[in-house]
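Undergrad: My questions will all concern the structure given below.
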């Protein structure tokens with residue numbers, strides 16, 4: 001046994017633990033592989049450590065995953081780019097394991113290394129590796145190979161390039177759907193490296209194969225390929241080759257494929273350009289909006305605004321708006337909800353007149369929807385429509401909707417509407433707010449669910465920020481302070497919480513004159529929970545108010561609390577006192 | 001060949017020759033008088049896609065794997081066999097490979113429900129790199145298992161002298177990890193603060209690893225749970241290699257193999273009011289080729305084919321297969337015996353085989369007016385339905401299987417019997433076998449009666465044993481309710497059947 005010097009001991013242990021029985025220790029060692037490599041030096045890393053790792057690759061997946069990740073950044077430790085090829089063998093093995101995440105990480109690391117390798121090394125070692133994987137016996141190797149072509153291809157000599165294209169074409173027709181899926185996923189990356197003439201011939205024929213695959217899961221991925229390939233092709237080629245495929249996909253017999261088209265619609269439009277979009281994709285999109293599968297309509301409805309932005313307003317009004325009207329009364333609440341979340345954005349696209357004439361009735365009907373999510377989604381995007389037509393036209397319908405949501409029996413709905421109140425307040429203005437919503441905000445402070453009371457306290461603070469201290473002094477503070485006499489101690493606690501939030505917004509004067517006395521008073525509460533919360537609030541007030549106020553009012557109160565019979569009250573009081581001491585010292 | 005020859009003479013020209021079944025192997029054979037432990041009773045059998053492996057599950061939650069040996073290393077053996085002047089019989093031979101505990105008994109505290117560990121179904125997944133992977137399920141939880149060879153290694157030549165460390169360490173054996181943890185705790189220093197010399201430190205070395213042996217390790221990769229309110233009756237892999245379904249009495253869920261925390265409900269037959277419930281799902285299977293099609297059977301004797309392409313929720317079937325009942329034949333038992341206990345797609349995806357209590361039915365998915373063939377499995381039980389109802393046997397769930405070439409079908413019966421029928425055009429093959437070392441003992445019976453008899457083996461066999469639970473009907477047929485052969489599987493490429501007679505796994509070939 002070698003005697004190890006004391007300072008080397010940690011590294012020695014780290015090395016030994018590469019083979020420990022405890023997986024956590026092995027993981028730890030693998031994560032610090034760079035430390036081990038530096039201790040061994042570049043040459044021994046190449047000659048001993050890397051072969052050692054290659055041989056010991058039947059470890060648990062977690063360890064293999066970590067190893068795949070570490071090896072991706074290992075070039076500096078093996079002596080730089082000229083030695084990068086020594087890293088390929090262990091990663092090649094990891095590309096064939098069964099666990100998907102390990103393979104994906106190994107491919108990612110190989111790409112990272114390949115991107116730095118010198119051209120000659122790529123030809124001599126990287127490309128053969130890709131070919132070996134692509135011809136692998138197990139489908140896992142072939143799946144991994146698909147993700148490496150875009151690194152291998154650019155530096156290959158002409159003959160090899162032809163071969164690589166042929167191999168990829170084989171992979172697109174592999175027996176295993178997993179391999180075809182991987183080929184479909186990576187086709188865009190690979191295509192980006194292929195020269196234009198081959199792109200039009202070889203790549204397009206592979207793409208055609210994939211678009212006609214029997215497996216839905218492969219065709220799904222080919223939809224994404226449309227967008228990627230469309231960007232690489234000349235506009236006229238794109239119109240000739242990609243556009244028909246998209247139109248076909250939009251009528252695919254599998255709803256999942258149509259769903260993908262609906263989901264990817266914006267990217268697809270971008271790829272084919274505005275002119276073909278208007279001529280060919282509008283009918284396709286209209287079909288998707290009227291699809292008989294709700295999932296497809298949900299995806300399509302969510303893209304209404306983005307799609308209309310590409311079109312001119314006339315086309316949008318003529319073709320899309322009728323569908324939007326239908327969707328606003330769709331039988332599926334999720335479709336209506338998806339529509340409600342984006343439809344407000346159509347107002348700027350259509351302009352004032354069309355919005356008032358066409359969209360407003362839809363907004364109003366969605367605001368009356370029986371499903372709270374739909375109403376919430378409309379309210380959350382109110383600012384977008386306000387810029388175009390002003391709020392007045394909506395406010396009549398808005399109020400009942402808000403009130404109903406505010407009293408919804410599901411607390412999550414109430415919570416959601418509270419979060420939009422500051423937005424509503426800013427859009428509706430002080431006047432409207434005072435009349436209608438002020439009372440609601442106070443009501444939430446007394447909600448029976450804690451999360452609502454908590455959100456309500458925050459809401460009060462945000463309103464004070466929005467409308468300023470003067471307004472808050474008139475419309476919020478007195479009402480809030482009134483509630484400190486609520487018989488329920490949990491509600492009194494909410495008020496204390498509100499005070500601590502309001503104080504920084506209101507400033508020192510109001511805090512001293514209005515808020516502080518209420519807090520001091522509450523220190524006489526009979527419930528200990530209130531008393532120690534008083535201590536906490538007082539502590540938070542110390543930085544806001546004057547030193548003299550701390551001395552005269554806050555400290556005496558805290559001192560009294562620090563002698564309370566209840567241990568928690570004493571604890572928080574003394575903690576507050578300590579922090580006041582620190583403030584004084586500084 | 002005597003029996004076989006006799007039968008061949010009876011069989012009409014055109015149909016393939018009836019197979020002559022021979023005993024191949026048995027695992028876990030009962031010795032006389034041995035008592036069977038309930039946990040040892042086999043509850044699932046499944047060959048993998050290539051037929052190189054076989055898995056069984058039992059009531060004790062264990063999964064046992066067998067591997068085929070005759071294709072593995074026959075090269076060396078063949079020469080020996082030739083020398084020994086034996087005919088080279090290349091029928092599938094299996095050997096025990098490994099076993100693991102897949103499920104444990106559990107208790108659902110929220111519902112006050114005991115969850116049995118019994119394996120209801122096993123399905124193999126496509127796997128790679130020498131690993132085997134399969135799904136196994138009990139009533140509630142599906143697990144994804146990977147079985148892989150692991151090298152058992154001896155590590156030596158460590159940097160830190162473990163013997164020395166042991167002397168210093170407070171606890172013998174754990175000293176290495178304790179000391180290392182200590183260093184890890186203040187271990188930030190190891191990475192950067194060291195000034196390491198450029199050439200590395202020659203005194204450090206990598207541990208030597210020597211492989212001693214390899215052993216199989218089963219690891220549970222994923223657990224798909226909390227998605228079923230009722231008992232899971234089937235699981236089935238999709239041809240896309242990334243999804244599978246699980247079916248319980250009222251719902252079918254769709255999973256991605258990689259994602260265990262969410263599934264999509266695709267079929268839901270639960271009525272708004274449970275009192276309106278008239279029909280439950282009994283079995284479900286994906287189409288072997290078309291990723292979008294699946295079939296499920298019901299307790300009312302119907303099979304529904306659904307197309308997942310049409311809609312996200314597949315409550316509406318594209319085809320319904322059921323047989324019109326003959327008028328006037330209704331009885332109290334009609335509904336009970338119509339319940340389908342198992343369905344299987346043929347390999348080509350064109351046919352579906354279904355098993356109800358008394359018959360096997362073969363359906364063509366292009367013909368929904370009725371089955372293309374019906375085989376009486378044990379028609380002689382029909383007069384006994386009352387007794388079978390009394391002792392609950394009428395609810396036994398027999399499985400069924402098809403041969404890889406789709407020419408024959410098989411299913412189990414009582415008294416450890418199982419039956420093989422030819423289902424090709426004009427075939428009259430109907431063989432009765434008994435799960436023991438002499439399967440064709442009953443063959444004489446079926447052969448003696450021109451095997452058109454889709455029904456009872458008529459001759460009387462006085463079995464020496466005279467088992468306690470057996471009964472003899474008016475025709476002298478014996479049947480034993482307690483020895484039922486529920487689970488069996490046909491090898492995907494060869495004429496070989498594996499079947500479970502309580503705790504024993506019998507294998508036959510032809």
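Protein chains in written order, with UniProt numbering: chain A, 1 to 586; chain B, 1 to 510. By construction, the Cβ of each residue, glycine as well, lies at the ideal position given by its N, Cα and C atoms.
(1) Using 8 Å for Cβ pairs, my map puts residue 489/B next to residue 45/B. What's the rounded Cβ distance?
(2) Nearest chain B C-beta to residue 19/A closer than 7 Å, yes or no?
(3) Does residue 471/A come out as helix, strand or coil in the three-state DSSP assignment?
(4) Find the nearest neighbour of residue 584/A within the set 539/A, 562/A, 265/A, judged by alpha-carbon distance.
(5) Name the residue from 329/B, 303/B, 310/B whose alpha carbon lies nearest to the alpha carbon of residue 322/B.
(6) Grab the span of the beta strand (DSSP E) containing residue 97/B for me, first residue to last.
(7) Within 7 Å (strictly less), CB to CB, does residue 175/A reach chain B?
(8) Pick out whichever of 150/A, 570/A, 320/A, 56/A has its Cα sitting closest to the Cα of residue 192/A.
(9) Express the C-alpha separation of residue 145/A and residue 401/A in angstroms, rounding to a whole number.
(10) At least one CB of chain A closer than 7 Å to the CB of residue 401/B: is that the case?
(11) Between the Cα of residue 556/A and those of 575/A, 571/A, 520/A, spot the shortest distance and give me the residue it belongs to.
(12) From the DSSP output, in three-state form, read off residue 95/A for me.
(13) Cβ of residue 309/B less than 7 Å from any chain A Cβ?
(14) Terminal residues of the continuous alpha helix (DSSP H) containing residue 269/A?
(15) Which one of 108/A, 427/A, 178/A has the shortest CA to CA distance from residue 257/B?
(16) Which one of 507/B, 317/B, 153/B, 500/B has the shortest CA to CA distance from residue 267/B?
(17) Buried or exposed: residue 10/A, going by 16 or more other Cβ atoms within 10 Å of its Cβ?
(18) Shorter than 7 Å from the beta carbon of residue 33/B to some beta carbon of chain A?
(19) Using 7 Å as the threshold, is the C-beta distance between residue 416/B and residue 430/B below it?
(20) For the stretch 135-162 of chain B, list every residue whose C-beta sits within 9 Å of some C-beta in chain A, in sequence order.
(21) How long is the line joining the alpha carbons of residue 482/A and residue 576/A, rounded to whole angstroms?
(22) Determine the direct distance from the alpha carbon of residue 111/A to that of residue 191/B, and round the result to whole angstroms.
(23) Is residue 150/B helix, strand or coil by DSSP?
(24) Closest to residue 493/B by CA distance: which of 32/B, 22/B, 27/B, 47/B is it?
(25) Along chain A, in chain order, which residues have C-beta atoms closer than 7 Å to that of residue 129/B?
(26) Over the uninterrupted alpha helix (DSSP H) stretch that includes residue 130/A, give me the two end residues.
(27) I'd like to know if residue 330/A contacts chain B, where contact means its C-beta is closer than 7 Å to some C-beta of that chain.
(28) Which value, in whole angstroms, describes the spacing of the CA atoms of residue 241/B and residue 221/A?
(29) Would you check if there are 3 or more beta carbon pairs closer than 8 Å linking the stretch 205-217 of chain B to the stretch 50-63 of chain B?
(30) Thinking C-alpha only, which one of 360/A, 15/A, 451/A, 8/A is nearest residue 390/A?
(31) Here's the rule: buried if 16 or more other CB atoms are within 10 angstroms of the residue's CB, otherwise exposed. What is residue 74/A?
(32) Starting from the Cα of residue 147/A, find the closest Cα among 134/A, 155/A, 157/A, 158/A and give me that residue.
(33) Excluding the 5 residues preceding and the 5 following residue 223/A in the sequence, name in chain order all residues of the same chain whose CB lies nearer than 7 Å to its CB.
(34) Using a beta-carbon distance below 7 Å, is residue 55/B in contact with chain A?
(35) Listing by chain order, which chain A residues have their CB less than 7 Å from the CB of residue 241/B?
(36) On the three-pair Cβ rule with 8 Å, is the stretch 61-81 of chain A touching the stretch 105-123 of chain B?
TA: In terms of the structure at hand:
(1) Contact between residue 489/B and residue 45/B holds, since their C-beta atoms are separated by about 4 Å, short of 8 Å.
(2) Among the residues facing chain B, residue 19/A is included, as its CB has a counterpart in that chain under 7 Å away.
(3) If DSSP states are grouped into helix, strand and coil, residue 471/A belongs with the helices.
(4) If we check each option's Cα against that of residue 584/A, 539/A comes out closest.
(5) For the residues 329/B, 303/B, 310/B, the minimum Cα distance to residue 322/B belongs to 303/B.
(6) It spans 94-101 - the beta strand (DSSP E) in which residue 97/B sits, taken as one unbroken run.
(7) The Cβ of residue 175/A sits no closer than 7 Å to any Cβ of chain B.
(8) Nearest of 150/A, 570/A, 320/A, 56/A to residue 192/A, Cα basis: 150/A.
(9) When rounded, the distance between both Cα atoms is 56 Å.
(10) With respect to chain A, the C-beta atom of residue 401/B has no partner C-beta closer than 7 Å.
(11) Nearest to residue 556/A by C-alpha distance, out of 575/A, 571/A, 520/A, is 520/A.
(12) It is coil, neither helix nor strand.
(13) By this cut-off, residue 309/B is an interface position.
(14) Looking at the DSSP string, the run of the alpha helix (DSSP H) that includes residue 269/A is 265-272.
(15) Answer by Cα proximity: 178/A.
(16) Comparing Cα-Cα distances from residue 267/B to each of 507/B, 317/B, 153/B, 500/B, the minimum goes to 317/B.
(17) So residue 10/A counts as buried.
(18) Not one chain A Cβ lies under 7 Å of residue 33/B.
(19) The answer is no: Cβ separation not under 7 Å.
(20) Within the stretch 135-162 of chain B, contact with chain A at the beta-carbon level (separation under 9 Å) is assigned to 146, 148, 149, 150, 151, 153, 155, 157, 158, 159, 160, 161, 162.
(21) About 26 Å.
(22) Bear in mind that the predicted position of residue 191/B carries a pLDDT of just 42, short of 50, making it unreliable; the figure below should be weighed with that in mind. So the two alpha carbons sit approximately 27 Å from each other.
(23) The answer is strand: DSSP assigns residue 150/B an E or B state.
(24) Ranking 32/B, 22/B, 27/B, 47/B by Cα distance to residue 493/B puts 47/B first.
(25) What residue 129/B touches in chain A, judged by beta-carbon distance under 7 Å, is 96, 97, 98, 138, 140, going in chain order.
(26) Boundaries of the alpha helix (DSSP H) around residue 130/A: 127-134.
(27) False, the Cβ-Cβ gap to chain B never drops below 7 Å.
(28) Those two C-alpha atoms are separated by around 15 Å.
(29) They do not touch, by the three-pair rule.
(30) The candidate whose alpha carbon is nearest that of residue 390/A is 360/A.
(31) Answer is buried; the Cβ neighbour count reaches 16.
(32) Ranking the options by Cα distance to residue 147/A, first place goes to 134/A.
(33) Cβ within range, chain order: 249, 257, 260, 261, 264.
(34) Interface with chain A (7 Å Cβ-Cβ cutoff): residue 55/B is excluded.
(35) The contacting residues are 176, 177, 178.
(36) Under the Cβ criterion (8 Å, minimum of three pairs), the stretch 61-81 of chain A does not count as touching the stretch 105-123 of chain B.
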